[in-house]
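**Q** The structure under discussion is supplied below as structure tokens; questions concerning it will follow.
Numbering (the UniProt record's numbering), first residue to last: 1 to 1175.
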């Protein structure tokens, strides 16, 4: 018994020792783990436990792992693979190696085997349906993207600048990087050295028929949902910029068809609801053709929701696809418009850019410009002048935060009270307050995260109706047609998409911030920041886009790894750029919105704004406006015609690109040249520039399999070709040596310059326009001051009171000048101003009061054409005056009710009648002093106006402040043909019979850019007899059907044969004769214009109109006529290039019908390139 107890005690002692040792081992293991960062601890412990190791053995393995003697391999989790891929893609291979050594992340080869990047096949030419289907299968297969509930999608289209060079795509064994416009039908397959030399000859010859693409068009698809909404690329293709909207629509239609028919497309993920792009004109035209071919039926589910909305445009594309634009481009830039932009940038114009433009824009009865806004921001809002100038600086039109900050600053002007301001500034600020209502209605729905979906819809629809009324009143003087069309399309698409979401699933949220191409631009930002090379060619872009898509997928699986946006709080934030769905705090459930009720509410809100700022007469019956069956008006067609879009029906010439038979290479039997001789002097190369050096740049990845399931292979023979020395060379190196872009190859990395296509070799220091340039002194006249000047009404001279809105000094806009500058008569300085309407002051207490008061209205010029009669434009309400004929005025304040029945402000300006009479005498004295013996010429100096309310009249219709019967001019009828008369422009003497030719020389030299030192400058549309403006000339027919010229010009010589003069001869080369404008009102005399003025007339009075071919031939000025008129041919060439006018050969072919099909898009007067204005 005792021995048995001893044995049991010994056994218990051994067990206790073992347990104690195990506890000690566990404590030791815990201490080791606490004191050391063990690489891949989870895997180390997992392997040990799987093999049944004791704690002591585990400690040994852990110590070995700490000392680097043991590395656990394999068994990587999905998260570890994701983190390793992010490290490689965002930080580079060196970072991945460091993390692999320090934290045990998978190595590069392991990632390649387990994380296959989907292949994005770049299009070497016009994208085909097979290429699109291949990319859809690559990105949307279940292995790449989990299957999600079906939802609506947007097709996003945007461009990104690329380096111009050829690249070898080993997937298709062809060269990519050529523009799709000129590469259709070119065999780009690499079968040998002859094939590469053939392509090099097409690119580098004197007249190349093949070009490298300067910009890549990326087409992506993005879902409308709260998560998984990132853009997935489907197409990437380069272009050179000559593609028309019709051609672009052809291959975009293929993309839509491929998505709808692909098993991984609409069937699994959902249909395409909209097509979105930026403000590029050709893409706008493409959207129009894709999405406006039929009208939604009222009996359909979509029609039942939308057909009762007064003003909604119901036209859609196949599957009820609608078009839209990027709302951020509306914030910053959309279409060529004002003079500043037409001279400095071929870009696009939006809210911010239009506000920054030099000429401003029309708002009801006045003009708003950046100089007025600068004063309000600095003097009233207290913004530092340097910051305000930065906001108004037009140099960086791509800067969205700056554009948003500028628009927010305008919206904050509502905080400024009007009571303490002078009357003229009150009127100016009131227009900016109205502009604030318009801008805020469009801006804040996209940046204010606290708004509900109902508030967003009301605000956007209110904006659409406000700009519709302003467009009807002002046309493109309020905003450009492109900006109008894009923002109206955005509002329409949001309404349609909301209705579609309600039909699909009304319980889901709807986010308007997912409209537009912003998600694609975020992908571009990921592409730019993946590595140190911010620029790329087409092949690199396709690879980076695929990598960016994989990165987005990883962030969706691991949202805690995504840093997101730096700004966490959007309250009172300015310059907001990106807002994501998770930031939205308001109720955005689609089913909570009654679209029809909100539509009516928004119309009422728009009327309230109009009445508040412009009186009861501004209220509009929208039902009456939009239910008129004759005009068929809606928000996209405010006057029955679509704004900002031109279409062409014929697409046949481009349809054949799908089925073109590939031609054989041209005969090239010469011996292959040594590749080292092809290096350009301007190309940056190493000291060794031959193929041997280029072949050394081949990466190991070029020979690795794309699929993680395939084993490693030896380099395929097809990747190499035989060189001239019978050695094997890598195709990619040979292509890079032969097909380089030269000085156009490498873009700069600076964002603003790269977007304009600036290269490293062509980079020059650009002049940065500075809006703060002033000619100021201690005693200055500034924008907003009031002044008196003289104008001409026919042969009468009258005084007008103007509100100064700007100064122009040597073609530069400034906001103030010193008084000394006003007295200089060099002609370098002009003043732009609005003419005030003034009336005698009604004062019951003082009936003999001799003062005149401003009625708070401005006077406008009478219209001459159909377009100007119905529109109150900047040209009709703002005029230029000689600065030396300006006298600043010092008015007094008076009660505005004395001259206005319902004044919008309590006070107005009053002017003493004696002061105005004295100003009239003083100004005319300056004119007589300048032209003591030439009063006829003096009249030409004055600005010519046609305003019915001038001269100013009293209550009994008596005219005041005018001069009459100043000069007695003999009628032209009593001047004989051989009588010498004085040219009103150069003051030289010529006989009357040759004056028309002489004036024609002046006009031709002016339009061709030749500088003439004449005392008097030519106007916009000068008379062909005397060179002045204001003369009325028309054509009539006699009983014998002969053309008769009738003119009130003093120098009119109407006895010449009209039909003979229409043909240029050696003795009579001038063909400048009166002709009839087909677009002006035919019942008015003013519809006759002079031939040499026709191009300017069409550009200024009828932009966008289709010009008939017979009229195009009638206004053409040949080089023979130009040379006979002793005008430099180079100037005529520049004139044709500036206004896109055809040369004589093209015109002859067009008129004979050889090129009739393409003439409609070959040229335009004052319009964008390839704009279809000819018919």
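In this text, a Cβ means the ideal position worked out from N, Cα and C, and glycines have one as well. What you are looking at is a predicted structure, and each value in this text was computed from that prediction instead of being measured.
Using the Cα positions of residue 1076 and residue 1103, report the straight-line distance between them to the nearest angstrom.
**A** 17 angstroms
**Q** Per DSSP, residue 858 forms a beta bridge with which residues?
**A** 836, per the DSSP bridge assignment.
**Q** Within 8 angstroms, do at least three Cβ pairs link the segment 112-121 to the segment 585-598?
**A** no
**Q** Can you give me the Cβ contacts of residue 822 inside the same chain, cut-off strictly under 7 angstroms, excluding the 5 residues immediately before and after it?
**A** 781, 883, 884, 886
**Q** So, with DSSP's three-state summary, where would you put residue 295?
**A** Of the three classes helix, strand and coil, the one that applies to residue 295 here is strand, per DSSP.
**Q** Enumerate, from N- to C-terminal direction, the unbroken beta strand (DSSP E) stretches of 3 or more residues contained entirely within the segment 138-201.
**A** 153-161, 167-169, 174-176
**Q** Taking the C-alpha atoms as reference points, what is the distance between residue 1049 and residue 477?
**A** 32 angstroms
**Q** DSSP state of residue 1044, grouped into three classes?
**A** strand
**Q** May I ask you to report which of helix, strand or coil DSSP gives residue 549?
**A** helix
**Q** Hey, would you say residue 1141 sits closer than 9 angstroms to residue 1020, going by beta carbons?
**A** no
**Q** What is the rounded straight-line gap between the Cα of residue 467 and the Cα of residue 621?
**A** 15 angstroms
**Q** In terms of alpha-carbon separation, which member of 1008, 909, 945 lies closest to residue 421?
**A** 909
**Q** Quick one: what's got a C-beta closer than 7 angstroms to residue 132's C-beta in the same chain, skipping five residues either side?
**A** 234, 235, 254, 255, 258
**Q** Would you kindly work out how many angstroms separate the C-alpha atoms of residue 339 and residue 585, rounded to a whole number?
**A** Note that residue 339 scores a pLDDT of 32, beneath 50, so its modelled location is shaky and nothing firm can be said.
**Q** Return the chain-ordered list of same chain residues with a C-beta closer than 6 angstroms to the C-beta of residue 323, the five sequence neighbours on each side being excluded.
**A** 275, 287, 291, 489
**Q** Assuming the contact rule is C-beta atoms closer than 8 angstroms, residue 369 and residue 360 should be a hit. Round their C-beta distance to whole Å, please.
**A** Taking the Cβ atoms as the reference, residue 369 lies roughly 3 angstroms from residue 360, within the contact range of under 8 angstroms.
**Q** Looking at the strands, I want to know which residues DSSP matches up with residue 1090.
**A** 1074
**Q** Apply the 10 Å Cβ neighbour rule to residue 1056 and answer buried if 16 or more other Cβ atoms are within range, or exposed otherwise.
**A** Its Cβ having fewer than 16 others within 10 Å, residue 1056 is exposed.
**Q** Smallest Cα separation from residue 1110: which of 1089, 1137, 1092, 1078?
**A** Residue 1110 has its Cα closest to that of 1078, out of 1089, 1137, 1092, 1078.
**Q** If contacts are defined as beta-carbon pairs under 8 angstroms, then residue 373 and residue 392 qualify, I think. What distance do you get, rounded to the angstrom?
**A** 7 angstroms
**Q** So, residue 219 versus residue 156, is the Cβ gap smaller than 9 angstroms?
**A** yes
**Q** Between the alpha carbons of residue 588 and residue 453, how many angstroms are there, rounded?
**A** C-alpha separation (whole angstroms): 5 angstroms.
**Q** Would you call the segment 444-462 in contact with the segment 508-526, where contact means no fewer than 3 C-beta pairs closer than 8 angstroms?
**A** yes
**Q** Between residue 828 and residue 371, is the Cβ-Cβ spacing less than 9 angstroms?
**A** no
**Q** Identify every residue that forms a DSSP beta bridge with residue 1239.
**A** Any question about residue 1239 goes unanswered here, given that the chain covers just 1 to 1175.
**Q** Go through its chain and collect everything with a Cβ distance to residue 526's Cβ below 6 angstroms, but skip five positions before and after it.
**A** Taking C-beta separations shorter than 6 angstroms and ignoring five residues to either side along the sequence, the partners of residue 526 in its chain run 548, following chain order.
**Q** Within 10 angstroms of the Cβ of residue 520, are there 16 or more other Cβ atoms? Answer buried if so, exposed if not.
**A** buried
**Q** Determine the direct distance from the alpha carbon of residue 413 to that of residue 404, and round the result to whole angstroms.
**A** 15 angstroms
**Q** Under the assumption that residue 167 contacts residue 539 (Cβ atoms under 8 angstroms), give the Cβ distance between them as a whole number of angstroms.
**A** 4 angstroms
**Q** Going by C-alpha distance, which of 1038, 543, 642, 1042 is nearest residue 471?
**A** 642
**Q** Got a sec? Which residues, its chain only, sit under 8 angstroms from residue 437 by beta carbon, not counting five neighbours each side?
**A** 466, 609, 613
**Q** With DSSP run on the structure shown, which of helix, strand or coil describes residue 1178?
**A** The question about residue 1178 has no answer here: the residues shown for the chain are numbered 1 through 1175.
**Q** How many Å lie between residue 796 and residue 998 at the Cα?
**A** 27 angstroms
**Q** Of the choices 55, 321, 302, whose alpha-carbon is the least far from that of residue 252?
**A** 321
**Q** For residue 1144, does the count of other Cβ atoms within 10 angstroms reach 16, so buried, or fall short, so exposed?
**A** With fewer than 16 other Cβ atoms within 10 Å, it is exposed.
**Q** Residue 7: buried (16+ other C-beta within 10 angstroms of its C-beta) or exposed?
**A** exposed
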